[in-house]
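Student:
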Amino acid sequence: MCTLDMKIQEIKKYLIEKDINQIKKFKLDFIKKIDKDNLLQKDNHLLHKLDYYTKLIKKIKFYLKLNEDKKVIMDIDKDKNEDIVCILTSIDLHSNDIGIPVEIILFTGNTNKACMYCVCYEVNEYAMLYINNFRARFSNKGYGSILLKNLDAKIIELNQFLKSCNLKTIKSIEGLVAADKNVIKESDLIRFYRKYGFIVDEYNNMVKNIQ
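At position 179 of the sequence shown the residue is numbered 179 (the numbering used here), and the sequence of numbers has no breaks.
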């Protein structure tokens with residue numbers, strides 16, 4: 001008999017192993033078969049967790065299907081509730097735009113989300129990742145911090161892929177600090193970037209060099 005906990009552990013296993021192929025194949029029809037009316041009180045917590053992880057894996061499956069023509073790199077972390085969050089990086093080598101579009105998106109099993117839309121430009125002997133837009137759906141939830149905390153590791157993975165394609169590797173991350181005053185003060189946003197190793201000048205240009 002397949003219990004709620006077994007299903008949760010199965011989903012978490014695929015996430016922890018970053019098994020994109022298994023995630024693509026994962027069937028969600030078992031949800032319809034759960035008799036919610038006859039669940040015990042102690043099962044409510046498990047049902048909540050199952051709901052979180054099925055929504056998370058559904059978002060991942062949809063994103064993977066939407067980006068089948070791109071290189072997608074998957075990573076995971078945990079939020080302050082110890083729930084797994086998924087960070088998907090897509091690289092579009094087929095774009096006709098100047099530079100290579102790169103998306104770094106953090107998905108959760110709830111309404112929280114953080115997105116970083118970038119372009120990778122070749123500059124002389126190296127490449128530079130320029131952040132065009134970086135937003136979290138809700139501020140002060142910690143998801144933007146998770147993305148920036150993982151950014152150095154993402155650059156290592158990106159560089160491995162770029163190198164395998166005989167492209168120049170990223171040596172700097174750059175952008176412009178642009179605060180949405182309805183969400184966060186400019187001074188707080190500058191402090192936020194500096195916390196994660198960015199240098200911000202008087203014109204709000206920011207840069208982080210990659211070793």
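Where a beta carbon is used, it is the ideal one built from N, C-alpha and C, also for glycine.
1. If contact is defined by three or more beta carbon pairs under 8 Å, each pair taking one atom from either stretch, is the segment 162-178 in contact with the segment 118-134?
2. Candidates 198, 57 and 66: which alpha carbon is nearest residue 26's?
3. Do the segment 5-21 and the segment 46-64 meet, that is, are 3 or more Cβ pairs less than 8 Å apart?
4. Quick check on the DSSP output: the alpha helix (DSSP H) that includes residue 159 runs from which residue to which?
5. On a Cα-Cα basis, can you pick out the residue from 12, 78 and 89 that is closest to residue 51?
6. Is the segment 139-154 in contact with the segment 72-81, if contact means three or more CB pairs nearer than 8 Å?
7. Taking the alpha carbon of residue 202 as the point to measure from, which residue in 176, 98, 210 and 46 has its own alpha carbon closest?
8. Are the CB atoms of residue 112 and residue 135 nearer to each other than 7 Å?
9. Can you look up residue 89 in the DSSP assignment and give me helix, strand or coil?
10. Do you know how far the Cα of residue 45 is from the Cα of residue 208?
11. Please work out which residues of its chain come closer than 6 Å, Cβ to Cβ, to residue 1, disregarding the five sequence neighbours upstream and downstream, and give them in chain order.
Tutor: Taking the geometry as given:
1. Contact annotation: the segment 118-134 touches the segment 162-178, with at least three C-beta pairs closer than 8 Å.
2. Here residue 26 is taken as the residue at index 26 of the sequence shown, counted from 1. Residue 26 has its Cα closest to that of 57, out of 198, 57 and 66.
3. yes
4. Here residue 159 refers to the residue found at position 159 of the sequence shown. Per DSSP, residue 159 belongs to the alpha helix (DSSP H) from 151-164.
5. Translated into positions along the sequence shown, residue 51 becomes position 51. Of the candidates 12, 78 and 89, the one whose C-alpha sits nearest the C-alpha of residue 51 is 12.
6. yes
7. Numbered from its first residue, the sequence shown carries residue 202 at position 202. Residue 202 has its Cα closest to that of 176, out of 176, 98, 210 and 46.
8. Counting from one through the sequence shown, the residue named residue 112 turns up at place 112. Counting from one through the sequence shown, the residue named residue 135 turns up at place 135. Result no, Cβ atoms of residue 112 and residue 135 do not sit closer than 7 Å.
9. If you number the sequence shown from 1, residue 89 lands on position 89. Note: residue 89 maps to strand in three-state DSSP.
10. By one-based count along the sequence shown, residue 208 stands at place 208. By one-based count along the sequence shown, residue 45 stands at place 45. Going by the C-alpha atoms only, they are around 42 Å apart.
11. As a working note, residue 1 is residue 1 in the sequence shown. With a pLDDT of only 42 at residue 1, under the threshold of 50, the placement of this residue in the model should not be trusted, and no figure is reported.
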